[in-house]
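Student: Protein chains in written order, with the numbering used here: chain V, 207 to 359; chain P, 2 to 187.
We put the CB at the ideal spot given by N, CA and C, even for glycine.
Small disclaimer: the values here were computed from a predicted structure and weren't measured.
1. Got a sec, what are the start and stop residues for the beta strand (DSSP E) residue 45 of chain P sits in?
2. In the DSSP assignment, find the beta strand (DSSP E) that holds residue 251 of chain V and state where it starts and stops.
3. So, does the segment 273-286 of chain V touch the segment 324-339 of chain V, judging by three or more C-beta pairs under 8 Å?
4. Using 8 Å as the threshold, is the segment 134-151 of chain P in touch with the segment 98-118 of chain P, meaning 3 or more CB pairs across them?
5. How far does the beta strand (DSSP E) with residue 62 of chain P in it extend, from its first residue to its last?
6. Determine the DSSP secondary structure at residue 171 of chain P, reduced to helix, strand or coil.
7. Does the count of Cβ pairs from the segment 342-355 of chain V and the segment 294-313 of chain V closer than 8 Å reach three?
8. With residue 148 of chain P and residue 106 of chain P assumed to form a contact (beta carbons below 8 Å), what rounded beta-carbon distance in angstroms separates them?
9. Can you look up residue 148 of chain P in the DSSP assignment and give me helix, strand or coil?
10. Starting from the N-terminal side, write out each stretch of the beta strand (DSSP E) that is 3 residues or longer and does not extend beyond the segment 211-290 of chain V.
11. Report, in whole angstroms, the separation of the C-beta atoms of residue 62 of chain P and residue 53 of chain P, which I expect to be a contact under 8 Å.
12. With 7 Å as the C-beta to C-beta threshold (strictly closer), list the residues of the segment 227-258 of chain V near chain P in chain order.
13. Just mark residue 92 of chain P as buried or exposed, buried being the case when its beta carbon has 16 or more other beta carbons within 10 Å.
14. What in chain V is Cβ-close to residue 61 of chain P, meaning under 9 Å?
15. Are residue 70 of chain P and residue 47 of chain P touching if we call contact CB-CB under 8 Å?
16. Once you ignore the five residues that flank residue 124 of chain P on each side, which residues in its own chain have a CB closer than 6 Å to its CB?
17. So with Cβ pairs under 8 Å, would you call residue 289 of chain V a contact of chain P?
18. If you count every other CB in all the chains shown that lies within 10 Å of the CB of residue 317 of chain V, and 16 or more means buried, which is it?
19. State the Cα-Cα distance for the pair residue 183 of chain P and residue 23 of chain P, rounded to the nearest angstrom.
20. Taking Cβ positions, are residue 28 of chain P and residue 279 of chain V nearer each other than 8 Å?
21. Taking the CB atoms as reference points, tell me whether residue 86 of chain P and residue 159 of chain P lie closer together than 8 Å.
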């Protein structure tokens, strides 16, 4: 009798463990809308942070899945051949930008914004590219969505 | 004398104009990699690749942030960044090289040209000489670059834990697709 319970318990543990492993292995990304930014910053300030001390800024934003919210002026909205979009945020006259590759699930929201408009975008911080190639420096983000308080205006 | 001066000025203007057209670039290039192993296929894509090509010298450069690679599965993306490429320690990968047969490509005539590229590829802090074949398509003032090649993960000191060895192949296929615009110098 006791042996039955032990075997049953072990099988249950195996089942639970196996289920957890399967779910974890196949886990999809968290919906970008539900992510809470660790930092909220103006695009111009973020670019300046990296331009003035890249190492220190890199340490501040280090880690996996660091979510940031960035405010600023829309410089351009680029549509890629694949159907995805990148929104450039920053100072229109400046070669540097915060490049926000939008979450494809929410591309339809982009019809609400135009170049020259002020927006706030949140997404994954991917890093900073200094101007190594002579084409301007940029901060890059992906899985971006428009930050919902802005949409209500 | 006046005519000579006008001719010299025109020659200077043409050479300045053609020099201005020599560099092409993008910040929206795509690089994807593909790994097929017994247990599963792993694919990821980066849609923010920077690329510059100097059509006069054939100098070619790519720059990519490793955290920009997007995976279907969150766990795979975490392992890629934390364990394999250690993206906090080595945030970028780059290629600096040249189009070896640059003189055979007519950048003023629309068409598709085979290209041989050679240079230094740096991933995970390790630099290796690589060669790859690709194509350069000249079309309406744009250049479209494409190439497919494979790399050995061990060449870049990317080690695969024994627990996931069946999930990940030792070689990875890399596909590059970039559409370049002329870099206008002011």
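Tutor: In this structure, then:
1. Locating residue 45 of chain P in the second chain gives position 44, counting from the first residue. Residue 45 of chain P -> beta strand (DSSP E) spans 42-55.
2. The residue given as residue 251 of chain V occupies position 45 in the first chain. Where residue 251 of chain V is concerned, there is no enclosing beta strand (DSSP E), although the alpha helix (DSSP H) it sits in stretches over 249-258.
3. By the C-beta criterion, the segment 273-286 of chain V is judged to be in contact with the segment 324-339 of chain V, since at least 3 inter-stretch pairs fall below 8 Å.
4. Yes: at least three Cβ pairs fall under 8 Å.
5. Start at 1 with the first residue of the second chain, and residue 62 of chain P comes out as number 61. Taken as a continuous stretch (DSSP letters only), the beta strand (DSSP E) holding residue 62 of chain P covers 60-66.
6. Translated into positions along the second chain, residue 171 of chain P becomes position 170. Under the three-state reduction of DSSP output, residue 171 of chain P falls in the coil class, being neither helix nor strand.
7. Yes: the two stretches touch, three or more of their Cβ pairs being nearer than 8 Å.
8. In the second chain, the residue the question calls residue 148 of chain P occupies position 147. In the second chain, the residue the question calls residue 106 of chain P occupies position 105. The Cβ separation is near 14 Å, so there is no contact.
9. For the purposes of this step, residue 148 of chain P is taken as the residue at position 147 of the second chain. It is a strand residue.
10. Runs found: 245-248 and 273-285.
11. Translated into positions along the second chain, residue 62 of chain P becomes position 61. Translated into positions along the second chain, residue 53 of chain P becomes position 52. Right, their Cβ atoms sit about 5 Å apart.
12. Residues passing the 7 Å Cβ filter: 230, 231, 232, 233, 234 and 235.
13. For the purposes of this step, residue 92 of chain P is identified with residue 91 of the second chain, where counting begins at 1. Flag for residue 92 of chain P reads buried.
14. For the purposes of this step, residue 61 of chain P is taken as residue 60 along the second chain, with counting starting at 1. Correct list: empty, because the minimum Cβ distance to chain V is about 11 Å.
15. For the purposes of this step, residue 70 of chain P is identified with residue 69 of the second chain, where counting begins at 1. For the purposes of this step, residue 47 of chain P is identified with residue 46 of the second chain, where counting begins at 1. The answer is yes: Cβ separation under 8 Å.
16. To locate residue 124 of chain P, count along the second chain from 1; it is residue 123. 94 and 157.
17. The residue labelled residue 289 of chain V in the question sits at position 83 within the first chain. Taking Cβ atoms only, chain P never reaches closer than 8 Å to residue 289 of chain V, which makes this a no.
18. Within the first chain, the letter at position 111 stands for residue 317 of chain V. Residue 317 of chain V comes out exposed.
19. Residue mapping note: residue 183 of chain P aligns to position 182 of the second chain, counting from 1. Residue mapping note: residue 23 of chain P aligns to position 22 of the second chain, counting from 1. Taking the straight line joining both Cα atoms gives about 8 Å.
20. Taking the first residue of the second chain as 1, we reach residue 28 of chain P at position 27. Taking the first residue of the first chain as 1, we reach residue 279 of chain V at position 73. The answer is no: Cβ separation not under 8 Å.
21. In the second chain, residue 86 of chain P corresponds to position 85, counting from 1. In the second chain, residue 159 of chain P corresponds to position 158, counting from 1. Yes, they are a contact pair.
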